Every structure is written in structure tokens, then in C-alpha cells.
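Number of protein chains: 2
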Amino acid sequence: MSGFQRYKKILDLFSEERSSWTVLEISKSLKTPSSTIYRIVREMVTAEFLESASGSYFRLGPAFIKFNRIINFSDPLVRAGQPFLKKLSNENPITSVNVLARLYGKNVMCVADYKNPSFKNNTSYQRGKLMPLIYGATSRAIIMQITGKRLENLINLENFKSDEDKNNFLKDLKSDRKKGYCFTEGQVDKGLIGFAVSISNKKLGIEASLSSIFNLDDFLLEHEPIIYANLTTYGLLVEKYINEIFEDIKKYHHETNSIR
Amino acid sequence: MSGFQRYKKILDLFSEERSSWTVLEISKSLKTPSSTIYRIVREMVTAEFLESASGSYFRLGPAFIKFNRIINFSDPLVRAGQPFLKKLSNENPITSVNVLARLYGKNVMCVADYKNPSFKNNTSYQRGKLMPLIYGATSRAIIMQITGKRLENLINLENFKSDEDKNNFLKDLKSDRKKGYCFTEGQVDKGLIGFAVSISNKKLGIEASLSSIFNLDDFLLEHEPIIYANLTTYGLLVEKYINEIFEDIKKYHHETNSIR
DNA sequence: GTAATAATTATCATTATATGAGAAATTAGT
DNA sequence: ACTAATTTCTCATATAATGATAATTATTAC
Chain A
2 MSGFQRYKKI
12 LDLFSEERSS
22 WTVLEISKSL
32 KTPSSTIYRI
42 VREMVTAEFL
52 ESASGSYFRL
62 GPAFIKFNRI
72 INFSDPLVRA
82 GQPFLKKLSN
92 ENPITSVNVL
102 ARLYGKNVMC
112 VADYKNPSFK
122 NNTSYQRGKL
132 MPLIYGATSR
142 AIIMQITGKR
152 LENLINLENF
162 KSDEDKNNFL
172 KDLKSDRKKG
182 YCFTEGQVDK
192 GLIGFAVSIS
202 NKKLGIEASL
212 SSIFNLDDFL
222 LEHEPIIYAN
232 LTTYGLLVEK
242 YINEIFEDIK
252 KYHHETNSIR
Chain B
2 MSGFQRYKKI
12 LDLFSEERSS
22 WTVLEISKSL
32 KTPSSTIYRI
42 VREMVTAEFL
52 ESASGSYFRL
62 GPAFIKFNRI
72 INFSDPLVRA
82 GQPFLKKLSN
92 ENPITSVNVL
102 ARLYGKNVMC
112 VADYKNPSFK
122 NNTSYQRGKL
132 MPLIYGATSR
142 AIIMQITGKR
152 LENLINLENF
162 KSDEDKNNFL
172 KDLKSDRKKG
182 YCFTEGQVDK
192 GLIGFAVSIS
202 NKKLGIEASL
212 SSIFNLDDFL
222 LEHEPIIYAN
232 LTTYGLLVEK
242 YINEIFEDIK
252 KYHHETNSIR
């Protein structure tokens, strides 16, 4: 355990399910002496990445809230896409959850979401939540834009039930890539269906997707063209805005660099 | 530069105003050789705390979005208070912004906010934003629950215009503490007024506040009693829920510890 | 209030890691 | 294909992390 990993390993223990840990628990879990953990935890408390809770428990610190805000205001994908989610939701023919998602390591992460207030079911798609790479339209619209060695590496990390399953997945990916959009049914949440388009910007290294999720019960075939039209329109719009933001950033850096 | 500080110093360069940096810029800014910064940045990219953007720029990584979510679902203050902000907003006699805030180092940070859709002005209070410690009702309702040496230390970090200013602030703090609520006008945003009550839980180390912010133009004296009644009611309610969450956590840890 | 227990910090010899200057390799721009 | 910028690599040296143990400081229990 060395470098940043030392800190990351501790942070990674904290989850929605288990959000507070004592030093002794961390120490046991990481098989590292408690004196070492005490020292490291103290450092992270000073930096506000952890904070002491009641008893001898520690929880994640407010630094994450601060940096999360900075991302909200500065990440091109979030900045460009966030404002459109509500509009997209309002133009869909039936109530929906609308999601911007992107690659996060070997998973997909939702980075912005808008849930229509009248949407009944709960979905797994909420900002910050990690989602499986190979299930759901949201994920597929991301992975379908990745090719070659990188795709192979990502796919090899997944546990397919059989080689047949894997080949079917790759075949579906190919045909979706041709069509330009994805559709899946109940792969992530039972009773829900998802439609998605890719969002990308090579210059900014953005590989993402825009998706709408509906209740299967609400859905009629006649809705389909409207859904695709909305996703396509807004998808292009988001990409356009990402590009504008990119130009802004470039200009800004040009200015600040020439001042110095 | 050692330990976690090494990483923190780099992260602290990223702000709303300047959200992407090259290695060379970081290197200059921290007066550290670029080969060292390249190594550190690479580590942080691996951990998803940074990510490479276009050109040779880097920006904050998605890890912050992930951990922010975990806090949203687990932090007792956010969990207990978030759901009440909208209700508080709806019961206020005029449109308002409603805020949960807490201490963050030597500042105050907003950890949850609900802005009535019809609220016209922009406020400085948004989740994750750092606010001054000594201005605004939101901050005062927090600092007024701190006493003794800790208060002294915090106050000494602030730049008061004069000793008189400082003494007046301390006097106001004292009288607010007695009254049990705070009121300020235009201290943070011109044209806005703020009302706030303290939120605390000793066991959980929570020192926070609940506040409502209004347009001065909308405000009539007859609104005052309703505003205070709402804040007091919801303040107590939030504290009650924090306590319930505390009991839940205790029970959960008891269970998981006895299983092992 | 005090004893007992748990949590946290301090110490320090040993071990491991970070540093940074420069070379080498890779990538991007034209 | 060339050039410049960016990034990685190498390695001797400096610096910092480790962890067993002791000392101190909260917390609990009675």
C-alpha cells in the first residue's frame, strides 16, 4: 500500500450501505496496524476528507461536497447536459427518468439525472451511482462508442454467463452502433425500459450517453418515434453545447496564459 | 509537502473559476518539479480523483461525484434535513431559499438547499459553496453555538475592520444566542434578508443551521412571526430526525459487530 | 468521583517510498 | 515526416511511512 492508494483504500471502504467505520475496523479490514491507520485517518480528517462522527466512528468529510460542486459548475458534460434533462423529460410522451452517464473506470456512472415528479417507480439511476457496464441502454450507448483493444479490455473484465452471451452482446453492440441508439428492457430495473443515444467529444475525452427510462406499463409502440426523436435532438444539442464550452475554456486559458 | 497534503495541495488548485490545469501550471504554482507532479497526477488519475481533459489539461475526476452521493445518502444532517427544505419553503409566507449549512474548517458550507422556483434573485447559498463565517444569519446560527477557546480561535482568523466591529459581533452573537434565532440584512447578498436557527447534535458532532432567505422587497413585518415559527418547528424536527438516524446507525453497528 | 477500559497520540529504529534531474519515449500539431 | 510539447522512465539520494510499544487522553461503569 503506497502513495495515493493508501488513502484511496480507506475511502473505498465507505459506501451507502456502510457509511461509518472505526479505526479498528479499518485496521482489520485492510490488515494494517491500527497505529498506522490512526495516523492516516488523522491526516484525512485534517484535510476534511473524513470527519469524526459519534463514538469512535469516522465518516466521509465535507471536502467531497465542495469538490462535487466545483465539478457541477465546471465539468463540460454536466454543464452542457444538466439543463436539458428537465426539458427532455417534459417533451417525452410519458413520464420518464432522464439520465446523463459516463464511463467511470470499469463501470458506468450517472452524472446527472432528472426524474419527472409523477414517475412512480424507483430507478437505479441517480447522480453518482455506479451502474453495470453491460446492462441497460444507458450503458450500452456509452460502450458502443468504444472499439478495438480498449473495448476488449473492458469486456474481458465482465463475467458473461457463457461465450455465447458475450458474442450476442458484441453483436447487439454492433447493430446498435449502426442504428445510432439503444433500447433495453428490464436489464437493470424490472418493469422499466430504457432508450439511449451516445454523447461524445473526442477533444474533451467525453464518452457518455443520454437516456430516458420509462415504465413498461406506460409504453405504447406509437411513443417510440417521439422518444427517439427527442433523444436524438437533445443528444445533438448537448454535444453542441459541450463544444461551445470547450471553446470557452480554450479562450479562457489562452487569455490567462497570455496575461502572465 | 508530504503525506496527504501532497495530493490535497493539487486538488485545492481546482476551483469554480479555474477548473483545469496542466501539469506545468501545477508545477509552477506549487514550485515543484514537473516530473514529480506528473507522477502524482498520474496516481490521482488512476484513482479517478483527476481526469485528463483536452490538450494537456486535467480536471477534477468523477470520484468526487461518487463520494458526494454516498454522503447524500448517509450524512445524518443531509439525510435528516434535506427532505424538509421543500416543505419549509412551501410554508413560508413569501418565496424563499432554504438552506442547511455547517462548519467546514474556518468557513461555513451549505450542505443542502431548496430554492423556490419563483424566487427571482440569485443567492450565494448553493450546496457545496463555502460562505464567510461571520456574515449572514446562516453562519451566525452556527457560530453562536460555539463557545470558549474554539470560538476565540475561529474569530481570531477573521479580519474585522476594527476592534469595535469585533466586539459588536460578539455582542450580537450573545443576544442571538439568548433569543434562539438570527436575522441579518444584506450581509452576504444585497437585497436579501436571512433568518436562521441552530441545528446541533452533540453525539454526532453536528454544528449546523437551518435558514430561510427572502427578498427584502417581498418582506412585510407581519411575516416575521410565521417565519420564526416555521424555522423553529422544522429546526426541532430536523434535530429529532438526526437523533433517530443516530439511533439507527448505532443499532446497525451493533448488529454487524455481533455477527462477526 | 474514581477505577477500569477504550481510544488516540507519541516515540523511534527500521524499512520503504518519494524526489528530482536528466534521458528517453510518446503524442500532437503542422 | 518533422518538430515541439507532453509524458514516462531511470536511478542515486533524501525523505517519509511503518509498526511495535509506551504514554496519554477520553469514555464508561460502578
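Chains as they are written, first to last, in my numbering: chain A, 2 to 261; chain B, 2 to 261. No residue lacks a Cβ here, since even glycine has one placed at the ideal position from N, Cα and C. These numbers were taken from a predicted model, which means no experiment stands behind them.
Can you tell me whether residue 249(B) is buried or exposed? The criterion is at least 16 other CB atoms within 10 Å of its CB, across all chains shown. exposed
From the DSSP output, in three-state form, read off residue 195(A) for me. Strand.
With a cut-off of 8 Å on the beta carbons, I'd call residue 74(B) and residue 12(B) a contact; round off their distance for me. 23 Å between Cβ atoms; not a contact.
Quick check on residue 49(B) - is its C-beta less than 8 Å from some C-beta in chain A? So yes, residue 49(B) belongs to the interface.
Is residue 91(A) helix, strand or coil when you go by DSSP? helix
Per-residue contacts from residue 70(B) into chain A (C-beta, under 8 Å): Chain A residues near residue 70(B): 17, 127, 128, 129 and 130.
Below 8 Å on the Cβ atoms is my guess for residue 196(B) versus residue 184(B); work out the distance and round it to an integer in Å. Right, the Cβ-Cβ distance comes to about 6 Å (below 8 Å), so this counts as a contact.
For the putative contact between residue 198(B) and residue 232(B), defined by C-beta atoms under 8 Å, what is the C-beta separation to the nearest angstrom? Their Cβ separation, rounded to whole angstroms, is 5 Å, which keeps residue 198(B) and residue 232(B) in contact under 8 Å.
Does the CB of residue 260(A) have a neighbour CB from chain B at under 8 Å? Per-residue confidence for residue 260(A) stands at a pLDDT of 42, beneath the threshold of 50, marking its modelled position as unreliable; the derived number appears in the next sentence. Taking Cβ atoms only, chain B never reaches closer than 8 Å to residue 260(A), which makes this a no.
Could you tell me which whole beta strand (DSSP E) segments of length 3 or greater appear in the segment 163-207 of chain B? Within the segment 163-207 of chain B, the complete beta strand (DSSP E) runs of at least 3 residues are 183-186 and 193-202.
Please identify, using Cβ separations under 8 Å, the residues of the segment 88-115 of chain B that lie next to chain A, in order along the chain. 103, 105, 106, 110 and 112
Would you call residue 194(A) buried or exposed, if buried means 16 or more other Cβ atoms sit within 10 Å of its Cβ? buried
I'd like the list of long-range same chain contacts for residue 180(A), defined as Cβ closer than 6 Å, with 5 residues on each side in sequence excluded. none
Proximity below 8 Å, CB of residue 213(A) to CB of residue 93(A): yes
Is the segment 95-110 of chain B touching the segment 154-162 of chain A, taking contact as three or more C-beta pairs under 8 Å? no
How far does the alpha helix (DSSP H) with residue 35(A) in it extend, from its first residue to its last? 35-47
Are the C-beta of residue 230(B) and some C-beta of chain A separated by less than 8 Å? no
Is the beta carbon of residue 142(A) less than 8 Å from the beta carbon of residue 210(A)? yes
Leaving out five residues on either side along the sequence, give the residues of the same chain with a beta carbon under 7 Å from the beta carbon of residue 30(A). 14
So residue 247(B) contacts chain A; which residues on that side make the cut at Cβ distance below 7 Å? When 7 Å is used as the limit between beta carbons, residue 247(B) is near these residues of chain A: 55, in chain order.
Considering just the uninterrupted stretch of the beta strand (DSSP E) at residue 153(A), what are its terminal residues? Segment 149-157 is the alpha helix (DSSP H) holding residue 153(A); no beta strand (DSSP E) there.
Could you please give the first and the last residue of the uninterrupted alpha helix (DSSP H) stretch that includes residue 25(B)? It spans 24-31 - the alpha helix (DSSP H) in which residue 25(B) sits, taken as one unbroken run.
Chain-ordered neighbours of residue 155(B) on chain A, where CB pairs are closer than 9 Å: Within chain A, no residue comes near residue 155(B); the closest Cβ sits about 15 Å away, beyond 9 Å.
Per DSSP, what kind of secondary structure is residue 7(A) in: helix, strand or coil? In this structure, residue 7(A) counts as helix in the three-state DSSP scheme.
If you check the beta carbons only, do residue 41(B) and residue 28(B) fall under 8 Å apart? Here residue 41(B) is not near residue 28(B), since their CB atoms are 8 Å or more apart.
Classify residue 240(A) as helix, strand or coil using the three-state DSSP reduction. helix
If you measure from the beta carbon of residue 60(A) to each beta carbon in chain B, is any gap under 8 Å? Interface residue, yes.
I need the DSSP call for residue 19(A), collapsed to helix, strand or coil. coil
Would you say the segment 64-73 of chain A touches the segment 65-72 of chain B, given that touching needs at least three Cβ pairs under 8 Å? yes
Indicate whether at least one CB of chain B lies closer than 8 Å to the CB of residue 25(A). no
Straight-line gap, residue 202(B) to residue 167(B) (C-alpha atoms, nearest Å): 28 Å
Under a CB-based cut-off of 8 Å, is residue 74(B) close to chain A? yes
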